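This report concerns only the one structure given below.
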Amino acid sequence: MNFKAKARQHTVITIGTFDGVHIGHQKIIQRLIAVGKEKNLSPSLLSFFPHPRMVLQKESDIKLINTVAEKTYILKKLGLTNIVIKEFTKEFSNLSAKEFVETVLINELNLKHIIIGYDHHFGSNRTANINDLKKFGNINNFNVEEISAQDVNAVAVSSTKIRTALVKGDIETANQFLGYNFMLTGEVVKGKSIGRTINFPTANILIKENYKLIPKKGVYVVKTQYNNEAVWGMMNIGNNPTIKEKQETIEVHLFNFNTSIYGEILCIELLARLRDEQKYESIEALRLQLEQDKTQALTYIKNNA
0 MNFKAKARQH TVITIGTFDG VHIGHQKIIQ RLIAVGKEKN LSPSLLSFFP
50 HPRMVLQKES DIKLINTVAE KTYILKKLGL TNIVIKEFTK EFSNLSAKEF
100 VETVLINELN LKHIIIGYDH HFGSNRTANI NDLKKFGNIN NFNVEEISAQ
150 DVNAVAVSST KIRTALVKGD IETANQFLGY NFMLTGEVVK GKSIGRTINF
200 PTANILIKEN YKLIPKKGVY VVKTQYNNEA VWGMMNIGNN PTIKEKQETI
250 EVHLFNFNTS IYGEILCIEL LARLRDEQKY ESIEALRLQL EQDKTQALTY
300 IKNNA
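Going by numbering that gives the first Met the number 0, 232 is the number at position 233 of the sequence shown; the sequence numbering is gapless.
In structure tokens, the structure reads:
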């Protein structure tokens, strides 16, 4: 197994999957940055991909709140520059606790201080715990700072709640726990262009990461950034039952936007859910509904932008 060269500066690190990088995670990251300043250490975050459950539990169908690129983007916005995302493999999972500490934490990351949950387990079969980590710290001259049960439980509960909320289409609750707007990031690809015929041209968003959690089907109020400008719109997730689409699609209609963006990557922020996806008797009936959706979306934007 190949590892990076040792970090030049001593580090303070935290470890975890950090899916969602939500308000609970953000408290840990704030503490990480504060300790870095206080002790003149480089704040560093160690995460893993694929998610360990994807590798160790083949029957697991876990979907993630963030893609790797989205998670990295959010962490950088929070002020972290040293983000290490290590490939999680069966080989990696078989490292003993001692091998993990010495090879990864000390030799690779140059660890001097670690901030970790009281219930953290690591090493082959996750047999080592925080007390073992403290013993390694005494031997190898690094400090272990324990995150309390209360704080760890807050992190665990809100991660689960976010996924549940997204599956139900409760985007407002998800965004509240995230501390930012849930996003879908993908390439704009050609669709059937039916939207153009009824004055509602859409950008079809292709999300290549099949592990990404897609919220409940329906129509959403959204926004994106294009050329550093906020662009608002509405988005449909579903199968377009009126035109009998077989595959699930993600289609975004951006308001007052006429630029050709095929092949570009868009990051779409979801703000509110307007309604379920429905089947209409005709394309004209669909158009009339989309007009109503647009009016409702613009009212939401006016009141909340």
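A virtual CB, placed ideally from N, CA and C, is assigned to each residue, including glycine.
All figures in this text were calculated on a predicted structure; none of them were measured in a lab.
Once the 5 residues before and after V230 are set aside, which same chain residues still bring their CB inside 6 Å of it? T223, L253, F256
Does the separation of the CB atoms of F91 and I113 fall below 9 Å? no
Residue closest to P200, alpha-carbon to alpha-carbon, out of E247, V156, L289: L289
Quick check: what's the CA-CA separation for N81 versus L269? 28 Å
For the region 114-125 and the region 66-81, state whether three or more C-beta atom pairs, one from each stretch, are separated by less than 8 Å. no
Can you give me the C-alpha to C-alpha distance between Y64 and I249, rounded to a whole angstrom? Correcting the residue type first, residue 64 is Ile in the shown sequence and not Tyr. Rounded to whole angstroms, I64 and I249 show a C-alpha spacing of 16 Å.
With distances taken between CB atoms, is the gap from P51 to F87 smaller than 9 Å? yes
Determine the burial state of T13: buried for a count of at least 16 other Cβ atoms within 10 Å of its Cβ, exposed for fewer. buried
Could you pull the DSSP bridge partners for G232 from this structure? Paired residues: V221, L253.
Put K215 into one of helix, strand or coil per three-state DSSP. coil
Return the bridge partner residues of P42 from the DSSP annotation. Per DSSP, V11.
Go through its chain and collect everything with a Cβ distance to I204's Cβ below 7 Å, but skip five positions before and after it. L183, G185, V187, I249, V251, L265, I267
Comparing the CB of D150 with every heavy atom of the ligand GTP, is any distance shorter than 8 Å? Inclusion of the ligand GTP in the displayed structure is not the case, the ligand content being empty and no account of it being possible.
Residue interval of the alpha helix (DSSP H) (run including V156): 148-167
Under a three-way DSSP split, which group does L185 fall into? According to the sequence provided, residue 185 is Gly. The question's Leu does not apply to it. Strand.
Is the beta carbon of Y261 sitting closer than 9 Å to the one on N235? no
Would you report the Cα separation of M0 and G237, rounded to the nearest angstrom? A caution first: M0 carries a pLDDT of 37, below 50, which makes its placement in the model unreliable, though a value can still be read off. Distance between the alpha carbons of M0 and G237: 42 Å.
Can you tell which of V221, K207, N128 has its C-alpha closest to the C-alpha of T66? The shortest Cα separation from T66 among V221, K207, N128 belongs to K207.
Is DSSP giving F121 helix, strand or coil here? strand
Report yes if the C-beta distance between F47 and I84 is below 9 Å; otherwise report no. Cβ distance < 9 Å, so F47 and I84 count as in contact.
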